[in-house]
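Each residue of the sequence shown is one higher than the last, beginning at 1 in UniProt numbering.
Written below as structure tokens is the structure these notes are about.
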Amino acid sequence: MRAVRTTCAYCGVGCGIRAEVTGERAVVIRGDAQHPANLGKLCSKGTHLGETVGLEGRLLHPMIGNARAGWDEALHLVAGKMRDCVERHGPDSVALYVSGQLLTEDYYAANKLMKGFVGSANIDTNSRLCMASAVAAHNRAFGEDVVPVTYDDLDEADLILLVGSNTAWCHPVIWQRIEAAREARGTKIVVIDPRRTETAEQADLHVPVQPDGDVALFNTLLAEMVRRGLADTVPAMGEHGLSPDTFAALADLVATHPRMVTVFSMGANQSIAGTDKGNAIMNLHLAMGRINAPGMGPFSMTGQPNAMGGREVGGLANMLACHLGFSESELSDVAAYWQAPRMCSAPGLKAVDLFRAVHDGRVKFLWVMATNPAVSMPDAGFVREALAKCETLVVSDVIADTDTARLAHIRLPALAWGEKDGTVTNSERRVSRQRALFAAPGEARADWAIIADVAKTMGFAGFDWTNAAAVFREYAAMTALSVKHGKVLDLTAHAGISDADYEALDPFVWGGRHPLQGREMKIVPVEPRTRPVDPDFPLRLNTGRYRDQWHTMTRTGLSPTLAQHRREPLLEVHPADAAEAGIADGALARVVSAAGSSVFRASVTDAQGRGQVFVPMHWTDAMASGGRGNLLPDQSVDPVSGQPGFKNNACRIEPVGSEWRGFLVRREPVSPQGVVWWSRSAIAGGWLYELAGNGAVDADALLPAGNRSEAVDLARGMRRLAVVDGSGAMAGALFITRIGQLPPREWIAAQLGASGAHLPELLAARPSAPAPHRGPVVCVCHGIGTNQILAHAEQGARTVAEVGRACGAGTNCGSCRPAIARLLREWNETCEEAAQ
Ligand SMILES: Nc1nc2c(c(=O)[nH]1)N[C@H]1C(S)=C(S)[C@@H](COP(=O)(O)OP(=O)(O)OC[C@H]3O[C@@H](n4cnc5c(=O)[nH]c(N)nc54)[C@H](O)[C@@H]3O)O[C@H]1N2
Ligand SMILES: Nc1nc2c(c(=O)[nH]1)N[C@H]1C(S)=C(S)[C@@H](COP(=O)(O)OP(=O)(O)OC[C@H]3O[C@@H](n4cnc5c(=O)[nH]c(N)nc54)[C@H](O)[C@@H]3O)O[C@H]1N2
Ligand code: SF4
Ligand SMILES: [Mo]
């Protein structure tokens, strides 16, 4: 057994992990108590990383088309195509589309190759979909992309505003830190979000701002502070859609709590007014002097593990490395440092424009690394067309079959988390090491090394790094240029770091705690803007994340534990809007926009505002026939940052009928044909499919081969089929109903691979010794369901801690604590109603 300190693969909180390698591709994951970002805590995704390190589905060899190729051949092909394209059509016919999930070293290498050697700034990143508005707002207000706080400021704040952030689901360890501050010093928590999320439910005040009403809200708040004599800047107000009481409650909290941190994420950034939202927030802090001191400041929380590192090394098309811009002196300094033969001269194409250029043939060579744009870009149908048309599409990924990789001419196998080595920078500017736990599988290689080899094959000098440490040294030394140009970013102290010291590098924050102290900062006047209403598409479409899934599910989708929280892509809709459209809770519903349409399972809930619906961004063609949230948003972007407005698109909803409903369990995935709808999720040893269809059920196409038994229950309109394989083990089961209720999936799914002796019980759909059905799973770590938690409430548990003592729920990673709190509150309310 070997213990390795590393950093989590997922979000920008950047939690430290102590990984105990227990065998071949086996690891026990624990929070690193010494890591300042998380002090030992991990959320559900980090805790269950061990379930995603297997080699299932991995891309392990270079592939040209569908044929395996050697590295030499693949590298020569990529380098040759790239050189050819530059020679025939100029540098701007080539583009790289990269990712905040690359390490800083990978990012640095990709950016150097494009901007200094290919000679084009056509390298953009999925951070364009994520952080670009915050970057632009920082640049406008601070003159540099700098986050002016660290996590310590959350500990020391008296008021925390969360703007467009479902923190309890998306940054759960930060959420626990905020809750700890509330516990320790009575910190007040306000959530500004059109939806009543689990985060909002736990807040002292939920402010259900209307979609994109944030600029109006923050401007009006600032005007109110001026009225109260607490600030002296006059902004343009506007419609935020709040009741006078809610606004007054918010204004009172803001007025009376100088130690205020405003955390903002995608509800702010992903908007056609995203940059203005960022500046409206910063304006309030600047006008009230609430910045650069303990417990205060605007805090853009990053999404991906290395969104921040990518920004440092110039991953965005409109920046150079080291926070530099495109002025002549900055360009020439960078060119000199790299000894660049063909330095780019102007900003390149931003993501949405980049895929337009691929679509219309201006970009002919595209290399996609560590991102899945066929799923995650807005107007994904258009992006797919663009990818399919591209003359040369190269994809570096860890997974063989992503929706994007399916369209690639050349696939390059990259090292995954747990294999790769390098650095990431988290939301608070803390640089931490990701360290390898396992040997490289198959022929997979580090992204930076693949890029360097392509560069060398193209004949470029300056890519002869022997390890990640060498790349890091070159980057750290280069930050002398940031310093020269008056920037805060400074890693020069690490320029001479030895391989051994890099190996042992402890997490550190660049810029210190309040790096903008003494610097010039600007209030940027911003005005509210709204999207016109389209009578054909009267509803506002909001999109985002689930607690236990990560983006396009290429890794979290493999975990049976994580799948339990939400197995299907849901359309969350207000009861009145659902009734108007004739959509029942649990039925299928189609969401239609000007860009496309997709089918979801309806979840009718008053957590949604009237006139607003929400769908997840996660589901792909590999996981469902519908649920493709990104077919819906259009290509509109923020005019300053180029970030898409993912959170506010126009749509309508309609019911989708089907004659039967069913579910299927089996070991190997299958692509169900002739059904109206399907979606799959991981279970132990296989997959659970939810199905809906019309006409006859083609059981042969759905079930695996083997010895089949069938039971028909006419009274309940139910057909049940089960298959036992040659070894006598249950290999599949299919339950279909036309009118009745389907049984709980859990026990039936658990029989997969078990002895076929259970067949009679299975076909009767009930265990001979029935265990009480635990209900929808709330705590994935301990496998505790809703019914069990309610049973503990009935037996007297009143607090989350008491539930934890009774059954363990919520005591491991803590991601489910807000959900337990809600159940307890609902139970209490029901009791009170009953008592009246
Ligand atoms: N579980 C999980 N965690 C993740 C990720 C994941 O995929 N899964 N991804 C990571 C990444 S890359 C990112 S960027 C972060 C994202 O983290 P978050 O930003 O917290 O996540 P989202 O769900 O995209 O959106 C947040 C909220 O914005 C709200 N919103 C929508 N429109 C508006 C508006 O006009 N104004 C306001 N004020 N709010 C609005 C939505 O209702 C939603 O609840 O999460 C990171 N963490
Ligand atoms: N509708 C809607 N769309 C959104 C959003 C939204 O809120 N709503 N959010 C946007 C945001 S904030 C983000 S960040 C994006 C995320 O969107 P994507 O970046 O497309 O999502 P991922 O699924 O994380 O894709 C990462 C890919 O990289 C691969 N990979 C993982 N590790 C490595 C590695 O080390 N090397 C290589 N080469 N490959 C690797 C994975 O297998 C996967 O295929 O989605 C955006 N899209
Ligand atoms: S909060 Fe969760 S997903 Fe984010 S870094 Fe920490 S453990 Fe990983
Ligand atoms: Mo993101």
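Think of the CB as a built atom: it goes at the ideal place given N, C-alpha and C, for glycine as much as any other residue.
Remember, it's a predicted structure, so these values are computed and weren't measured experimentally.
When the beta-carbon positions are compared, GLY674 and GLY693 come within less than 8 Å of each other.
Counting C-beta pairs with one atom in each stretch, the region 441 to 448 and the region 503 to 523 have fewer than three that are closer than 8 Å, which means they do not touch.
Not one heavy atom of ligand 1 sits closer than 7 Å to the Cβ of VAL800.
If you compare the alpha carbons of GLN643, ALA602 and ASN542 with that of SER593, the shortest gap goes to ASN542. DSSP places GLU832 in the uninterrupted alpha helix (DSSP H) bounded by 817 to 835.
With a beta-carbon spacing of about 56 Å, THR457 and HIS206 fall beyond the 8 Å limit used to define contacts.
Just so you know, the alpha carbons of GLY267 and SER165 end up roughly 6 Å apart.
The beta carbon of GLY303 sits closer than 7 Å to at least one heavy atom of ligand 4. TRP417 sits in coil when the DSSP states are folded into three classes, being neither helix nor strand.
Partner residues in the beta bridge of TYR97, as assigned by DSSP, are ASP124 and VAL368.
Within the region 130 to 165, the runs of alpha helix (DSSP H) at least 4 residues long that lie entirely inside it are, in chain order, 132 to 142 and 151 to 155.
Counting along the chain, TRP678 sits inside the beta strand (DSSP E) bounded by residues 677 to 683.
In the same chain as LYS188, and ignoring 5 residues on each side of it, the C-beta atoms closer than 6 Å to its own belong to LEU159, ASP204 and LEU253, in chain order.
Residue state for GLU51 is assigned as helix, using DSSP reduced to three classes. If you draw a straight line from the Cα of GLN751 to the Cα of GLY732, it is about 9 Å long. A contact is defined here as three or more CB-CB pairs under 8 Å, and the region 189 to 204 fails this definition with respect to the region 293 to 309. Under a 10 Å Cβ-count criterion, GLU668 is classified as exposed, with fewer than 16 other Cβ atoms of the shown protein chains found around its own Cβ. VAL375 has its Cβ nearer than 7 Å to a heavy atom of ligand 2. Boundaries of the beta strand (DSSP E) around MET718: 718 to 724. VAL226 and THR605 have their C-alpha atoms spaced approximately 38 Å apart. A distance filter of 6 Å between CB atoms and the heavy atoms of ligand 3 selects the following residues in sequence order: CYS8, TYR10, CYS11, VAL13, GLY14, CYS15, ASN38, LEU42, CYS43, LYS45, GLY46, HIS171, PRO172 and VAL173.
Within the DSSP secondary-structure output, PHE600 pairs in a beta bridge with ALA589.
Under DSSP, MET63 shares a beta bridge with ARG68 and ARG411. Apart from sequence neighbours up to five positions away, the residues of its chain that approach ALA37 with a beta-carbon distance below 8 Å are VAL13, GLY14, CYS15, GLY16, TYR151, VAL173, ASN426, GLU428, ARG430, SER432 and PRO507, ordered along the chain. The C-alpha of LYS364 lies about 5 Å from the C-alpha of GLU391. Distances from the alpha-carbon of ASP232 to those of GLU239, ALA801 and ASN219 put ASN219 closest. The residue from GLU794, ALA374, ALA380 and LYS389 with its alpha-carbon nearest to that of ASP401 is ALA374. Assignment of GLU690 by DSSP, reduced to helix, strand and coil, places it in the strand class. DSSP, read as helix, strand or coil, puts TRP660 in strand. In the structure shown, the three-state DSSP call for SER755 is strand.
When secondary structure is reduced to three states using DSSP, GLN339 falls in the coil class, being assigned neither helix nor strand. In terms of Cβ geometry, VAL656 and ALA578 do not form a close pair [threshold 8 Å]. Annotation for MET478: ALA321, CYS322 and TYR337 place their beta carbon closer than 7 Å to its own, counting only its chain and skipping 5 residues before and after.
Looking at the DSSP output, ILE653 shares a beta bridge with VAL591.
The region 131 to 138 makes contact with the region 629 to 642, as at least three CB pairs between them are under 8 Å. With fewer than 16 other CB atoms across the displayed protein chains lying within 10 angstroms of its CB, LYS484 is exposed.
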